[in-house]
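Under the UniProt record's numbering, the very last position in the sequence shown is 170; numbers go up by exactly one each time.
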Amino acid sequence: MRTSRFLPLLLAAAVLPTTYAAPQPTKTQLAHQTLEARAAHLERVHNTQKGSAFNPAKQNQSMLNGMTILNDGQRWTAVPKSSVLSQPEKLADKFPDKPSGVYVTWSEFLRYNRSWLGNFPVTVNNIKGNSPLSTSQRKHLAKSKRVAIATFNNNPVSVLPPRAHSSDEN
1 MRTSRFLPLL
11 LAAAVLPTTY
21 AAPQPTKTQL
31 AHQTLEARAA
41 HLERVHNTQK
51 GSAFNPAKQN
61 QSMLNGMTIL
71 NDGQRWTAVP
81 KSSVLSQPEK
91 LADKFPDKPS
101 GVYVTWSEFL
111 RYNRSWLGNF
121 PVTVNNIKGN
131 SPLSTSQRKH
141 LAKSKRVAIA
151 TFNNNPVSVL
161 PPRAHSSDEN
């Protein structure tokens with residue numbers, strides 16, 4: 001009786017619970033699934049923007065609106081228009097209408113052009129227009145032969161004109 005030898009095995013297999021664990025995806029597979037999900041999400045968002053919510057007038061806006069371009073002939077950068085505190089006439093060629101050359105960050109552009117360009121640290125109150133530049137600062141800017149850019153923490157910032165204080169303000 002050959003079946004009698006296999007009978008205990010068959011009974012044991014029937015009694016023991018069988019658990020099947022699906023193979024876990026690898027990190028690469030998970031990353032690929034994440035990328036596919038992100039791409040699908042971006043596609044849905046893009047298709048939504050093409051619908052009624054899409055505004056073609058905004059396509060003509062430029063990142064350089066409200067910015068002043070500085071150019072040294074090889075490199076260029078952009079700073080806020082109201083950050084230029086001093087602009088000597090002899091350096092007018094450093095302010096082109098359109099950028100040319102290679103874009104570099106402000107700090108890199110400043111490093112290359114220290115001979116004609118300088119940063120001018122300002123306070124938060126100067127930036128907000130709560131307090132004007134001091135008389136000595138204005139005199140220094142008027143005498144300067146270099147372009148002066150208003151900076152806060154070594155980054156160019158817009159400086160609002162000083163507010164006119166009314167008599168009822170404290």
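Ideal Cβ placement from N, Cα and C applies to all residues, glycine included.
DSSP state of residue i mapped onto helix, strand, coil
{"i": "S82", "result": "helix"}
{"i": "N155", "result": "strand"}
{"i": "R114", "result": "coil"}
{"i": "R38", "result": "helix"}
{"i": "N126", "result": "helix"}
{"i": "T105", "result": "coil"}
{"i": "T77", "result": "strand"}
{"i": "L30", "result": "helix"}
{"i": "L70", "result": "strand"}
{"i": "K139", "result": "helix"}
{"i": "D97", "result": "coil"}
{"i": "L91", "result": "helix"}
{"i": "R44", "result": "helix"}
Same chain only: Cβ atoms within 8 Å of residue i, ignoring 5 sequence neighbours per side
{"i": "G66", "result": "P80, K81"}
{"i": "V159", "result": "S82, S83, L85, V122, N126, I127, G129, A150"}
{"i": "P88", "result": "S144, K145, R146, V147"}
{"i": "N170", "result": "Summary for N170: the model assigns pLDDT 47, below 50, so the residue's position carries little reliability; its value from the coordinates is reported in the next sentence. None."}
Per-residue burial, residue i [other beta carbons within 10 Å of its own, 16 or more giving buried]
{"i": "A142", "result": "exposed"}
{"i": "K94", "result": "buried"}
{"i": "H31", "result": "In the sequence as displayed, the identity of residue 31 is Ala instead of His. Counting Cβ neighbours within 10 Å, A31 comes out exposed, since fewer than 16 surround it."}
{"i": "P156", "result": "buried"}
{"i": "T34", "result": "exposed"}
{"i": "L42", "result": "exposed"}
{"i": "R70", "result": "Per the sequence shown, the amino acid found at residue 70 is Leu instead of Arg. Buried, because 16 or more other Cβ atoms sit within 10 Å of the Cβ of L70."}
{"i": "T77", "result": "buried"}
Nearest-angstrom Cβ-Cβ length linking residue i and residue j, presumed shorter than 8 Å
{"i": "P162", "j": "P121", "result": "Between P121 and P162 the Cβ distance is about 17 Å, and since that is not below 8 Å, they are no contact."}
Own chain residues within Cβ distance below 7 Å of residue i, not counting five before or after
{"i": "R75", "result": "G101, V102, V104, F109, Y112"}
Sheet register partners of residue i (DSSP bridge)
{"i": "V147", "result": "L117"}
Own chain partners of residue i with C-beta closer than 6 Å, once the 5 adjacent residues on each side are dropped
{"i": "G118", "result": "R146, A148"}
{"i": "S62", "result": "none"}
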